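Take the sequence shown: its letters are residues 4 to 541, numbered as in UniProt numbering.
Input: a single structure, listed below in structure tokens.
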Amino acid sequence: PRDLPVTRLDAAVIGAGVAGLYQLHRLREMGLDVRAYETGSGVGGTWYWNRYPGARFDSQAEIYQYWFDEAMYKAWQPSERFPAQPETERWLNWVADRMDLKKDIQFDTRIDSAHFNETTQRWDITTRQGERIDAQYLVCCMGMLSAPLTDRFPGQSSFQGQILHTALWPQEGVDLKGKRVAVIGTGATGIQVIQTIKGEVGEMTVFVRTPQYVIPMRNPKYSAADWAGWGERFHELKQRVRSTFAGFDYDFDAPPWDSLTPAEREAVLERLWDDGSLSLWLSSFPEMFFDEAVSEVVSEFVRRKMRDRLKHDPALCELLIPTDYGFGTHRVPLENGYLEAYLQDNVHTVNCRKTPIERIVPEGIQTADGTVHPFDVIIMAVGFDAGSGALTRVDIRGRGGRSLKEEWQREIRTAMGMQIHGYPNLFSTASPLAPTAALCNMTTCLQAQVDWVTDCIAYARAQGKTVIEPTREFEDAWVAHHDETANKTLVVKTDSWYMGSNVEGKPRRLLSYIGGVGNYHRQCDEQAAQGYPGFAMR
Ligand code: NA7
């Protein structure tokens with residue numbers, strides 16, 4: 004690596020998605036010599052990679068936004084309440100062009116390693132494409148759900164048909180028309196795929212392991228007049244999303260559960276159900292996160308809706324309606340015609356709780372009962388090494404040569420999800436122990452983190468300090484606060500990527516901070532206002 008050409012920078016940003024674009028803008032605005040590095044050939048991050056049929060966000064367009072430029076907010080016209088991936092990718096390209104960001108982004112470049120050099124007090128970074136970067140600050144804007152689990156089953160390479168990973172969906176060359184298609188996975192991703200391709204494929208077999216509570220999405224078109232209306236509320240929304248529990252414009256504003264009669268509770272649930280958004284989950288009764296009895300009432304409300312849509316078919320209800328965990332204790336997907344897919348004659352199911360997938364064979368998928376299910380195409384919607392995976396897939400070494408990957412194999416810890424003790428001048432967004440995906444509307448939290456990181460760097464520079472790093476004590480305190488908050492909820496009792504339990508051997512800890520977005524920002528702001536007492540500057 005010593006012979007590689009070296010680029011010297013004040014700051015290297017990894018990633019050109021929602022966070023990376025804004026981080027590049029903020030650091031450039033500060034006058035730093037900064038460059039962003041992006042594995043993809045275009046901007047967008049999540050919205051660049053996840054091109055699978057039906058991909059869209061579950062936050063409303065009016066709040067899945069940047070807040071640093073009112074004119075920009077008003078100038079973009081979302082076509083509907085929950086726009087799909089192609090529109091979101093176009094939007095992020097439009098933002099990047101408007102801000103003239105692309106000239107400072109190096110595409111098709113994967114960061115392989117980042118080692119902190121204690122002599123120079125700078126990061127020594129290498130790319131797979133054969134370049135070295137020498138940067139004072141390293142800001143990882145690599146996303147929370149960006150390390151896809153690709154090698155899930157033995158025998159994958161033997162398959163004679165086409166295997167498609169939702170998070171690595173090809174830009175072209177996919178034709179599902181009339182094909183025998185398998186879908187593995189019924190998380191938020193699998194659900195969007197299934198409902199979208201159900202009319203196009205010949206036969207589809209869904210391999211269902213853990214069923215999901217789902218909410219039908221209400222996705223009206225947005226006219227120019229609608230958008231002008233949102234534009235008028237720009238300042239109000241901008242303030243609002245920073246203070247609510249989950250960074251949406253709605254909050255837990257139902258009356259206390261105990262103050263209502265069963266009929267009144269039902270009326271609240273019905274009203275939120277009809278909104279067709281995540282408000283049933285993130286703005287109804289917070290008691291459902293703490294109290295098993297409340298959780299059961301809300302869960303049963305959703306199950307009832309699901310049973311009706313499944314026409315009370317006993318086998319489908321048994322397969323597709325959750326009973327062993329509570330509504331909202333992991334990601335609740337919005338959907339549109341997902342359950343109805345199973346009523347179609349060309350849609351079949353395999354219950355992986357009874358007959359798990361054993362291996363992939365040349366003709367298709369072999370289950371534990373010895374059956375080989377033949378397919379032309381296998382779609383893997385099997386999820387991500389969430390939160391930590393993006394960082395541990397890079398060989399990151401901090402002070403004393405410590406390896407982040409090795410440390411996080413034992414315990415995943417951060418200080419407010421933005422810095423890690425032992426890794427000076429390494430910052431990150433969407434990392435473990437900050438409010439992230441679904442427990443926060445991503446654009447809200449990413450921008451707040453970018454702002455905090457930028458202000459922190461500016462402060463250290465103004466003080467004439469070269470490096471900044473959280474103290475062990477502060478990180479310990481954050482981890483303890485995070486765990487204490489998490490352990491009061493039912494979320495920690497449910498297995499999912501939220502807890503890291505979808506990846507074998509991953510230490511169990513809630514990856515997203517659940518103390519509320521407003522509360523999180525207050526604590527971050529407090530650190531800044533007090534001169535970063537939890538951080539050591541040298
Ligand atoms: P998820 O939510 O992790 O879903 C992955 C799905 O794949 C889930 O249904 C898994 O079942 C299933 N899976 C994984 N491995 C297997 C095996 N071996 N056999 C059968 N089924 C399997 O990922 P998504 O991409 O859907 O969503 C991630 C987030 O992205 C989402 O929450 C949004 O915030 C955006 P399991 O639950 O493990 O039983």
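We treat Cβ as the ideally placed atom computed from N, Cα and C, and that holds for glycine.
Just so it is clear, the structure is predicted and the values come from calculations on it, not from any experiment.
Under the three-state reduction of DSSP, which class applies to tyrosine 40: helix, strand or coil?
In this structure, tyrosine 40 counts as strand in the three-state DSSP scheme.
Closest Cα partner of leucine 322 within the set Val506, Gln215, Leu493
Of the listed residues, the one whose Cα sits closest to leucine 322 is Gln215.
Within a Cβ cutoff of 7 Å, which residues of the same chain sit near alanine 99, ignoring the five residues on either side of it in sequence?
Contacts found: Leu24, Val46, Lys105.
Would you check if the region 75-88 and the region 212-227 touch, i.e. whether three or more CB-CB distances between them fall below 8 Å?
Contact between the region 212-227 and the region 75-88 is present: three or more C-beta pairs spanning the two stretches fall below 8 Å.
Output needed for alanine 461: all residues of its chain with C-beta closer than 8 Å, excluding positions within five of it in sequence on either side, in chain order.
Met33
Tell me which residues share the same chain as alanine 440 and place their Cβ nearer than 8 Å to its Cβ, disregarding the 5 neighbours each side in the sequence.
Met147, Leu148, Arg334, Ala389, Ala433, Ser515
Sequence ranges, beta strand (DSSP E) only - wholly within the region 353-415, length at least 3:
DSSP runs (the beta strand (DSSP E)) wholly in the region 353-415: 360-364, 367-370, 375-377, 380-383, 398-400.
Give the list of continuous alpha helix (DSSP H) stretches no shorter than 4 residues that lie fully inside the region 197-249.
227-235, 237-244
Supposed contact pair alanine 384 and glycine 190 - C-beta distance, whole angstroms, cut 8 Å
Rounded to the nearest angstrom, the Cβ distance from glycine 190 to alanine 384 is 6 Å, consistent with a contact under 8 Å.
Contacting residues, own chain, Cβ-Cβ under 8 Å from proline 365 (five flanking each side not counted)
Ser161, Phe162, Gln163
Is any heavy atom of ligand 1 found at a distance shorter than 7 Å from the C-beta of serine 280?
Answer for serine 280: no, Cβ out of range of ligand 1.
Is the CB-CB distance between valine 209 and valine 177 below 8 Å?
no
Please name the residue or residues paired with threonine 129 in a DSSP beta bridge.
Here threonine 129 is bridged, per DSSP, to Ser116, Arg135.
Where lysine 491 falls: helix, strand or coil (DSSP):
coil
I'd like to check one pair, isoleucine 114 with threonine 130: are the Cβ atoms closer than 8 Å?
The answer is yes: Cβ separation under 8 Å.
Report buried or exposed for alanine 64, applying the criterion of at least 16 other Cβ atoms within 10 angstroms of its Cβ.
buried
Within the same chain, show all residues whose beta-carbon is closer than 6 Å to that of glycine 519, passing over the 5 residues directly before and after it, in chain order.
Same-chain partners within the cutoff: Phe248.
Spatial neighbours of phenylalanine 255 within its chain, please: C-beta separation below 8 Å, excluding the five flanking residues on both sides.
Phe248, Leu285, Ser286, Ser287, Phe288, Pro289
DSSP-derived helix/strand/coil call for cysteine 144
coil
Do glycine 18 and methionine 102 have their C-beta atoms within less than 8 Å of each other?
no
With DSSP run on the structure shown, which of helix, strand or coil describes serine 298?
helix
Closest by C-alpha distance to aspartate 111, when choosing among Val204, Ala231, Gly43, Val217
Gly43
Can you round the beta-carbon distance between histidine 524 and arginine 245 to whole angstroms, since I take them to be within the 8 Å contact cut?
Right, their Cβ atoms sit about 6 Å apart.
Take the Cβ of histidine 315 as the centre, count every other Cβ of all protein chains shown within 10 Å, and call the residue buried at 16 or more, exposed below.
Around the Cβ of histidine 315, a 10 Å sphere holds fewer than 16 other Cβ atoms; the residue is exposed.
In this structure, does DSSP put proline 473 in helix, strand or coil?
strand
Excluding the 5 residues flanking leucine 449 on each side, which residues of the same chain have their C-beta closer than 8 Å to its C-beta?
Val21, Ala22, Tyr25, Cys144, Thr432, Ala433
For arginine 310 and phenylalanine 304, the rounded distance between their alpha carbons:
10 Å
Work out the CA separation of threonine 10 and arginine 243 for me, nearest whole Å.
Note on geometry: alpha-carbon atoms of arginine 243 and threonine 10 lie some 41 Å from one another.
Taking 6 Å as the limit between beta carbons, can you name the residues of its chain near leucine 179, skipping five residues before and five after?
Once the five neighbours on either side are set aside, the close Cβ partners of leucine 179 are Ile200, Glu203, Val204.
Say yes only if the C-beta of residue 3 is nearer than 7 Å to one or more non-hydrogen atoms of ligand 1, and no if none qualify.
The question about residue 3 has no answer here: the residues shown for the chain are numbered 4 through 541.
Please check the pair phenylalanine 156 and tyrosine 426, which I expect to be a contact at CB under 8 Å, by giving their CB distance rounded to whole angstroms.
Wrong, their Cβ atoms sit about 34 Å apart, outside the cutoff.
Kindly examine ligand 1 and report whether one of its heavy atoms sits closer than 7 Å to the Cβ of glycine 188.
yes
Express the C-alpha separation of arginine 135 and histidine 8 in angstroms, rounding to a whole number.
Checking the displayed sequence, the identity of residue 8 turns out to be proline instead of histidine. Approximately 6 Å, taken between the alpha carbons.
Measuring only from the beta carbon, is alanine 87 closer than 7 Å to any heavy atom that is part of ligand 1?
The answer is no for alanine 87.
Secondary structure, alpha helix (DSSP H): runs of 4+ residues fully inside the region 45-84:
49-52, 73-78
What do you get for threonine 123, buried or exposed, if any count of 16 or more other CB atoms within 10 angstroms of its CB means buried?
exposed
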